[in-house]
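A.B. asks: Supplied in structure tokens, the structure appears directly below.
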């Protein structure tokens, strides 16, 4: 066994945010695709009710989280960078299979690798506006007439935008869950997300040195 | 080794889950009828009376009636009760399976669903029979054959009149056992 | 860790609490707040200020209906004139949009087809006496029948063949049935007149097309004394509405008409005293936004009223009784005789008419799921003499309206399908002389050629001498037999594939509709990503174990 040091990566609120968000997003996917008519589980009416309530719960969570991000300065973790992105791509495409060293080393100030940063920013800047924007139009359909929107935007477009967003979220979810298994053991990342503590192997720098 | 036995257990659990989730479908069957609720019922009644083997109609229930009386609506449903002493006798004589009197008289349900179509629901007697030993199994095997006959609809025959037995009727109340069962 | 758990538990509890308050029943909301109180519903019949049995004008033995009417008019001086301005008297309606002359006097329908040349039978349901042919005097006030609407004894009967006169002498009816109809005691009936009850209106409207429940589907004799399940408003032990509670009437003008329906009334409930545009519409009492909804629903249910008629959700099935309704009438088999060469009758399993040598084949059903159409309240008719395409199903009437129109809603309909005779050279529907004792009447002689010839001559139409049978259908908007609110349709009845609104076009219906292109691309991307991670992970695992082994 290699000797390792432990670093505290995810604080308590952050972990609460992550896991409650995970539960809510999964629930939104489950209810959303039922509303879309893919399968029958809760029944259409209850699926709609659960979907709406979960959306509001998620928004509330986000309100707190945005506040937290800015008061702690953690929002900087999401600033995208292209620095060493190619190294990450190369690692996932090849290095990971031959036990090559991970090109990125987590520190409390840099929790996310460059690919992660890109993915999260894409999620925040593209998928979120699409899914929330269309979701709000969908939810407040009753007020379209008063706002003079009826006839201006077909409901089908709103529904399709929302569905497209849902497919993106589902794809993100699949890849995200898979990538959690790419730690030094398959469950290492999940453990970190639960406890907050990341085990950093001392062996890594040595390997790197030898490779260089 | 742990992984193999774990995988085996997982497989067993999955199989049990599959059985559990489909057991309802194994116990009961449902099929479409091309006729109205009344005509489907009347044709089945006609078939029962013509079936021989001691079969007779012992009741006709309308479970929708009590709900209407309470001021609610359900789509129409008629429950045909048929009985054959030839089949019920041996089961009722055997202390081990007397509890199967719960399934007597033999019932066939005719109902409409919200798609506007008429369906026939019935107990999968063969499945029940296979669960309770050779005596019940043999009898149920015969019931299955007769039951298939009950559900044959011959469009070349004119629609018979609905038979409303004197006891039971559409009241949803206690049905008589005067038909010998 | 334990603190994280606590947080989880707290958030879960919060969610549950929020849930129960957000979606639960709003206390005290059992009755919509904006429900206008219907006037007159609580007044039991007979609370009149006049006891008609004490009037000396009515202390005599009346020999005929017109004699009674004269007595009525001696006090109610304007009554006959009022009635003579209504469709109950004229049987005629001019469509303001098309100028077409409609009404029972003019149209050919999908049932008995036409009253022309058959007046002596049909006029059993005319609010008048003596209309037996085209020479009927529509101005004679004594010919107005007051009693058919105002009889409270349930003994006043008018039979086919008498041109609208009541039964003056005891007679067997139907002929050969062994059942007898007693002569009406006109004095007794005249002395006990009252406001019309459900039975009065029902004596014609429940029996349209010659039998209980035959024509409308949402009107049959079960409504004389309905349970709550059948009609929440007419519930004999509850609200006990009469027909005129909704069909508010003044000066004998009954509100609400199939010819000019208020299909899409908007705005709040109408205040008493204000001139109501359409008092018979649901919205006139309930408003167009009657559902009390939690804020989380964001007015979702109420918005449905922009697209749906109230009836669409609140009448889940019509003919919800064992009487049922006729859904098909095929005239092409009429005149078929039994093996003995004599006319015969066949009943269906529920005891309803299935075949009659006079009339052909019938199909009946109960608890019928409606068909749904866009409808703006205007119905266009195939009028007498209008050309038809015999290769297609002839729409005898067609509800107009379409998606996107402000005045159109999705309405429930009974679609009655049938086959009837047409002139196969001139390609129009024919007038058939069915009723009567004469040699040319179809029901007396069973000869189509003679019956059509006589009918066409009476109607003043050209007949080529050749006839065939054409498939027809007629649409009847469903608006009665409103179920209690708990029996209204649930979301998934329509919001799914192959649901009730499968055939409705022009709207995006969540749960039913989706873009196949988007869905295919979406699922492809999801599958590919799943496949990708499986291959990636599988390769990792394989290399890992190979390395180890």
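Protein chains in written order, with the numbering used here: chain X, 199 to 410; chain H, 292 to 472; chain A, 3 to 551.
Where a beta carbon is used, it is the ideal one built from N, C-alpha and C, also for glycine.
Quick caveat, the model's predicted, so the values are computed rather than measured.
So, does the CB of residue 357 (chain X) fall closer than 7 Å to a CB anywhere in chain A?
C.D. replies: Translated into the one-based positions of the first chain, residue 357 (chain X) becomes position 159. With 7 Å as the cut-off, residue 357 (chain X) counts as an interface residue toward chain A.
A.B. asks: On a CA-only basis, which of X:365, X:395, X:223 is nearest residue 523 (chain A)? Give me that one, please.
C.D. replies: Within the third chain, the letter at position 521 stands for residue 523 (chain A). If we check each option's Cα against that of residue 523 (chain A), X:365 comes out closest.
A.B. asks: Where do the N-terminal and C-terminal ends of the alpha helix (DSSP H) with residue 533 (chain A) fall, by residue?
C.D. replies: What you label residue 533 (chain A) is simply residue 531 of the third chain in a count that begins at 1. Counting along the chain, the alpha helix (DSSP H) containing residue 533 (chain A) begins and ends at 518 to 550.
A.B. asks: Roughly how many angstroms lie between the CA atoms of residue 153 (chain A) and residue 350 (chain X), to the nearest whole one?
C.D. replies: Against the third chain, residue 153 (chain A) aligns to sequence position 151. Against the first chain, residue 350 (chain X) aligns to sequence position 152. If I take the Cα positions, the gap works out to 57 Å.
A.B. asks: For residue 266 (chain A), which residues in the same chain have their Cβ closer than 6 Å to its Cβ, ignoring the five residues on either side in sequence?
C.D. replies: Numbered from 1 along the third chain, position 264 holds the residue referred to as residue 266 (chain A). Closer than 6 Å at Cβ, skipping near neighbours: 409, 411.
A.B. asks: Could you have a look at residue 362 (chain X) and say whether DSSP puts it in helix, strand or coil?
C.D. replies: Taking the first residue of the first chain as position 1, residue 362 (chain X) is located at position 164. Reduced to three states, the DSSP call for residue 362 (chain X) is helix.
A.B. asks: With the cut-off set at 7 Å, would you say residue 456 (chain H) and residue 350 (chain H) are in Cβ contact?
C.D. replies: The residue you call residue 456 (chain H) lines up with position 165 of the second chain. The residue you call residue 350 (chain H) lines up with position 59 of the second chain. Yes, the pair counts as a contact, with Cβ atoms nearer than the cut-off.
A.B. asks: Please report the distance separating the alpha-carbon of residue 205 (chain A) from that of residue 158 (chain A).
C.D. replies: Along the third chain, one-based indexing puts residue 205 (chain A) at 203. Along the third chain, one-based indexing puts residue 158 (chain A) at 156. The alpha-carbon atoms of residue 205 (chain A) and residue 158 (chain A) are separated by roughly 10 Å.
A.B. asks: For chain A, is any of its Cβ atoms less than 7 Å away from the one on residue 306 (chain H)?
C.D. replies: For this step, residue 306 (chain H) is matched to residue 15 along the second chain. No, its Cβ sits nowhere closer than 7 Å to a Cβ of chain A.
A.B. asks: Would you kindly work out how many angstroms separate the C-alpha atoms of residue 448 (chain A) and residue 356 (chain A), rounded to a whole number?
C.D. replies: Taking the first residue of the third chain as position 1, residue 448 (chain A) is located at position 446. Taking the first residue of the third chain as position 1, residue 356 (chain A) is located at position 354. Cα-Cα distance, rounded: 18 Å.
A.B. asks: Throw me the rounded Cβ distance for the residue 374 (chain A) and residue 503 (chain A) pair, which I believe falls under 8 Å.
C.D. replies: For the purposes of this step, residue 374 (chain A) is taken as the residue at position 372 of the third chain. For the purposes of this step, residue 503 (chain A) is taken as the residue at position 501 of the third chain. The Cβ separation is near 6 Å, so the contact holds.
A.B. asks: Compare the C-beta of residue 517 (chain A) against all C-beta atoms of chain X and say whether one is closer than 7 Å.
C.D. replies: Within the third chain, residue 517 (chain A) is the residue found at index 515, counting from 1. At least one chain X Cβ lies under 7 Å of residue 517 (chain A).
A.B. asks: Have a look at residue 382 (chain A) and residue 364 (chain A) and give me their C-alpha separation to the nearest angstrom.
C.D. replies: Here residue 382 (chain A) refers to the residue found at position 380 of the third chain. Here residue 364 (chain A) refers to the residue found at position 362 of the third chain. Looking at the two C-alpha atoms, the distance is approximately 26 Å.
A.B. asks: Find the nearest neighbour of residue 53 (chain A) within the set A:170, A:358, A:190, judged by alpha-carbon distance.
C.D. replies: Counting from one through the third chain, the residue named residue 53 (chain A) turns up at place 51. Taking only the C-alpha atoms, the option nearest residue 53 (chain A) is A:190.
A.B. asks: Tell me the DSSP secondary structure of residue 304 (chain H) in three-state form.
C.D. replies: Within the second chain, the letter at position 13 stands for residue 304 (chain H). Helix.
A.B. asks: Which residues does DSSP pair with residue 252 (chain A) in a beta bridge?
C.D. replies: The count along the third chain starts at 1 and reaches residue 252 (chain A) at position 250. Note: residue 252 (chain A) sits in a beta bridge opposite A:255.
A.B. asks: Using the Cβ count rule (16 or more neighbours within 10 Å means buried), how would you classify residue 422 (chain A)?
C.D. replies: Taking the first residue of the third chain as position 1, residue 422 (chain A) is located at position 420. The residue is buried, with at least 16 neighbouring Cβ atoms inside 10 Å.
A.B. asks: Residue 249 (chain A) and residue 259 (chain A) - do their beta-carbons sit closer together than 7 Å?
C.D. replies: If you number the third chain from 1, residue 259 (chain A) lands on position 257. If you number the third chain from 1, residue 249 (chain A) lands on position 247. No, Cβ-Cβ distance for residue 259 (chain A) and residue 249 (chain A) is not below 7 Å.
A.B. asks: List the residues of chain A that residue 354 (chain X) touches, going by C-beta distances under 8 Å, in chain order.
C.D. replies: Here residue 354 (chain X) corresponds to residue number 156 of the first chain, with the count starting at 1. Within chain A, the residues near residue 354 (chain X) are 510, 515, 517.
A.B. asks: Can you pull the chain H residues whose beta carbon is under 7 Å from the beta carbon of residue 320 (chain A), in chain order?
C.D. replies: Here residue 320 (chain A) refers to the residue found at position 318 when the third chain is read from its first residue. Those within 7 Å of residue 320 (chain A) in chain H number zero; the least Cβ separation is about 11 Å.
A.B. asks: Does the region 286 to 300 of chain A come within contact of the region 123 to 139 of chain A, defined as at least 3 CB pairs closer than 8 Å?
C.D. replies: These segments do not touch.
A.B. asks: Counting only runs that start and end within the region 282 to 325 of chain A, where is the alpha helix (DSSP H) found for 4 or more residues in a row?
C.D. replies: Correct list: 285 to 288, 302 to 305, 312 to 316.
A.B. asks: For residue 460 (chain A), which option in A:192, A:495, A:443 has the closest C-alpha, if you only look at C-alpha atoms?
C.D. replies: Against the third chain, residue 460 (chain A) aligns to sequence position 458. Out of A:192, A:495, A:443, A:443 has the C-alpha closest to the C-alpha of residue 460 (chain A).
A.B. asks: With DSSP collapsed to three states, give me the class of residue 365 (chain H).
C.D. replies: Position 74 of the second chain holds residue 365 (chain H). Three-state DSSP puts residue 365 (chain H) in coil, outside helix and strand.
A.B. asks: Is the beta carbon of residue 286 (chain X) closer than 7 Å to that of residue 307 (chain X)?
C.D. replies: To locate residue 307 (chain X), count along the first chain from 1; it is residue 109. To locate residue 286 (chain X), count along the first chain from 1; it is residue 88. No, the Cβ-Cβ distance between residue 307 (chain X) and residue 286 (chain X) is not below 7 Å.
A.B. asks: Residues in the region 226 to 239 of chain A with C-beta within 7 Å of chain H's C-beta atoms, listed in sequence order?
C.D. replies: Within the region 226 to 239 of chain A, the residues whose Cβ lies closer than 7 Å to some Cβ of chain H are 229, 230, 231, listed in chain order.
A.B. asks: Near residue 325 (chain X), what residues of its chain come up, given a Cβ to Cβ distance below 8 Å and the 5 sequence neighbours on each side ignored?
C.D. replies: Along the first chain, one-based indexing puts residue 325 (chain X) at 127. The answer, listed in chain order, is 363, 366, 367, 370.
A.B. asks: On the premise that residue 229 (chain A) lies in contact with residue 359 (chain H), defined as a C-beta separation below 8 Å, what is that separation, rounded to the nearest angstrom?
C.D. replies: Counted from its first residue, the second chain places residue 359 (chain H) at position 68. Counted from its first residue, the third chain places residue 229 (chain A) at position 227. With a Cβ gap of about 6 Å, residue 359 (chain H) and residue 229 (chain A) count as contacting.
A.B. asks: Among A:420, A:272, A:196, which has the Cα closest to the Cα of residue 336 (chain A)?
C.D. replies: As a position in the third chain, residue 336 (chain A) is number 334, starting the count at 1. The option with the nearest alpha carbon to residue 336 (chain A) is A:420.
A.B. asks: Any beta carbon from chain A within less than 7 Å of residue 333 (chain H)'s own beta carbon?
C.D. replies: Taking the second chain and counting its residues from 1, one reaches residue 333 (chain H) at position 42. Yes, its Cβ sits closer than 7 Å to a Cβ of chain A.
A.B. asks: Using a C-beta to C-beta distance shorter than 7 Å, which residues of chain A count as neighbours of residue 298 (chain H)?
C.D. replies: By one-based count along the second chain, residue 298 (chain H) stands at place 7. Going along chain A, no residue has its Cβ under 7 Å from residue 298 (chain H), so there is no contact; the nearest lies around 15 Å.
A.B. asks: Out of curiosity, what's the CA-to-CA distance linking residue 187 (chain A) and residue 367 (chain A)?
C.D. replies: On the third chain, residue 187 (chain A) is found 185 positions in, with the first residue counted as 1. On the third chain, residue 367 (chain A) is found 365 positions in, with the first residue counted as 1. Each residue's Cα considered, the two are about 37 Å apart.
A.B. asks: In angstroms, rounded to a whole number, what distance separates the CA positions of residue 410 (chain X) and residue 299 (chain X)?
C.D. replies: Here residue 410 (chain X) refers to the residue found at position 212 of the first chain. Here residue 299 (chain X) refers to the residue found at position 101 of the first chain. In this prediction, residue 410 (chain X) has a pLDDT of 31, which is less than 50 and means its spatial position is unreliable; what the coordinates show is noted afterwards. Each residue's Cα considered, the two are about 11 Å apart.
A.B. asks: Could you tell me if residue 82 (chain A) is buried or exposed, where buried requires 16 or more neighbouring beta carbons within 10 angstroms of its beta carbon?
C.D. replies: Taking the first residue of the third chain as 1, we reach residue 82 (chain A) at position 80. By the 10 Å Cβ count, residue 82 (chain A) comes out buried.
A.B. asks: Is it buried or exposed, residue 268 (chain X), if we count other Cβ atoms within 10 angstroms and call 16 or more buried?
C.D. replies: As a first step, residue 268 (chain X) is located in the first chain; it is residue number 70 there, counting from the start. With fewer than 16 Cβ atoms within 10 Å of its Cβ, residue 268 (chain X) is classed as exposed.
A.B. asks: If we count the other Cβ atoms within 10 Å of its Cβ and call it buried at 16 or more, is residue 27 (chain A) buried or exposed?
C.D. replies: For the purposes of this step, residue 27 (chain A) is taken as the residue at position 25 of the third chain. Residue confidence is low: residue 27 (chain A) scores 44 on pLDDT, short of 50, so the model does not pin down where it sits. No coordinate-derived value is stated.
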